[in-house]
Amino acid sequence: MAVTDINPIFHSEEFAALRASLESGWSDALDALKASGVPLNAFDDEIGRADADALIPEPVRNEIIKGLPAASAALTLMRQVRMSAKKERQPVLSALPTAYWVNGDTGLKQTTKAEWESQYLEAEELAVLVPIPDAVIDDSDFDVWGEIRPSIIEALGQKLDEATLFDVDSPPSFPDAVITGAISAGNAVTRGLIGDLAADIGDEDGVMNLVEEDGFAVTGFAARTRLKSALRGLRDENGGLLFQPSLQAGTPARLYDEPIVYPDGNGAWEDRGVDLIAGDWSKAIIGIRQDITFRVFDSGVISDEDGKVILNLMQQDSKVLRVVMRAGFAVANPVTRKNQDAGSRYPFAVLESQGS
5 MAVTDINPIF
15 HSEEFAALRA
25 SLESGWSDAL
35 DALKASGVPL
45 NAFDDEIGRA
55 DADALIPEPV
65 RNEIIKGLPA
75 ASAALTLMRQ
85 VRMSAKKERQ
95 PVLSALPTAY
105 WVNGDTGLKQ
115 TTKAEWESQY
125 LEAEELAVLV
135 PIPDAVIDDS
145 DFDVWGEIRP
155 SIIEALGQKL
165 DEATLFDVDS
175 PPSFPDAVIT
185 GAISAGNAVT
195 RGLIGDLAAD
205 IGDEDGVMNL
215 VEEDGFAVTG
225 FAARTRLKSA
235 LRGLRDENGG
245 LLFQPSLQAG
255 TPARLYDEPI
265 VYPDGNGAWE
275 DRGVDLIAGD
285 WSKAIIGIRQ
295 DITFRVFDSG
305 VISDEDGKVI
315 LNLMQQDSKV
325 LRVVMRAGFA
335 VANPVTRKNQ
345 DAGSRYPFAV
355 LESQGS
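For what it's worth, the numbering used here labels the leading residue of the sequence shown as 5, then goes sequentially.
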């Protein structure tokens, strides 16, 4: 049969009936598959984990995992816990017990109680897609993975810091970010209002004292990189340096003998009206439900929210590296002897920029 003779067949009533029958049968089969619980993506034509292992060199994968904390203040300073379920409860002390003196040898001992509130960690998915043309992957003179590694690290670190520090694009299950919670509790100092930078941070009315007056200890700082120049000249009453720069890779600088990191390299900080965060970082919790996973796809499409196809992998000879992790976030604000008012108590304080 000639090619030109095929078109009438496709438009015939017999073919239309056959197509309707096939579509109906496929719909029933699809419903049966869904009811059986078999993952439908098991039938997708995609590169599996074994193929991805061959495409992603193990050293590069390890470097991404190791490099992520350095690109995120949240992962550097906050307490990390492993999550065994999507949603987990963290008990937080909400009422303190009271002790009483006993009156004489036969006096009655009085009772008291302690109370706890439930703080919930709910894991949310964080992902990034990296499209790579096949021609680039096939070019043996070009270190593809070495080039994209910093971008992947920055993308994950940026999103974590934006959500947990600044309330930017944070999942609905996340509580108020650190800066939002600190300002709401009144734990904020405007730079230059008390005196020089040393006073703004460490004096009686400085950000460190705001945390300490709420019953917490400052265990570290997060700051903008541009604050470094001002920190280098800080000295105590005896002329000793209050700021010790990092002298070894992987070891953070120290301010008032506590670690200080500069996460704005990942783009999360920007001009958000805050120069420095001080606090008890053990009270900010990052829950890890799923470690970073890597998969490479060689078929499928990438679309926007409106369904418009942005990239067709098969048609445009490309692959996509998908990097996924699942993490939760919570801030524990337990009652303390110094401040039993939850509204004005918070384990963090912020130094706001001048003019903010």
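Note that beta-carbon positions come from the ideal geometry of N, C-alpha and C, so glycine has one too.
So, are the CB atoms of A129 and R330 less than 8 Å apart? A small correction: the amino acid at residue 129 is Glu; Ala does not occupy that position in the sequence shown. Against a cut-off of 8 Å, the Cβ pair of R330 and E129 comes out as a contact.
What are the boundary residues of the alpha helix (DSSP H) that includes G224? It is not in any alpha helix (DSSP H) - G224 instead sits in the beta strand (DSSP E) that spans 224–227.
Let me make sure I understand the geometry here. Which of R195, P179, G196 has the alpha-carbon closest to that of S188? P179
Outcome for G41 when other beta-carbon atoms lying within 10 angstroms are tallied against a minimum of 16: Because G41 sits at a pLDDT of 47, beneath the cut-off of 50, its placement in the model cannot be relied upon, and the point is left open.
Could you give the first and the last residue of the continuous beta strand (DSSP E) run that contains N316? 313–316
Mapping the DSSP letters down to three states, classify P338 as helix, strand or coil. coil
Suppose you measure from the CA of A334 to the CA of A139; what does that come to, to the nearest Å? 44 Å
Can you tell me whether Q162 is helix, strand or coil according to DSSP? helix
Starting from T184, trace the alpha helix (DSSP H) in both directions and tell me its first and last residue. 182–188
Counterpart residues of R239 in DSSP-defined beta bridges: L245
Would the segment 259–275 count as touching the segment 225–233 if we require 3 or more Cβ pairs under 8 Å? yes
With 16 other CB atoms within 10 Å as the buried threshold, where does I314 fall? exposed
With V106 as the anchor, note down where its alpha helix (DSSP H) starts and where it stops. Here V106 belongs to no alpha helix (DSSP H), and DSSP marks it neither H nor E.
Checking the sheet assignment: what are the DSSP bridge partners for T194? E356
Mind checking which residues open and close the alpha helix (DSSP H) that includes G206? 201–206
Whole-angstrom distance between E356 and P278, CA atom to CA atom: According to the sequence provided, residue 278 is Val. The question's Pro does not apply to it. Answer to the nearest angstrom: the Cα atoms are 4 Å apart.
In angstroms, rounded to a whole number, what distance separates the CA positions of A257 and V193? 23 Å
With 16 as the cutoff for other CB atoms within 10 Å, does P176 come out buried or exposed? exposed
Using a 10 Å radius around the Cβ and a threshold of 16 neighbouring Cβ atoms, would you call K323 buried or exposed? buried
CB-CB length for R326 against T340, believed under 8 Å: With a Cβ gap of about 44 Å, R326 and T340 do not count as contacting.
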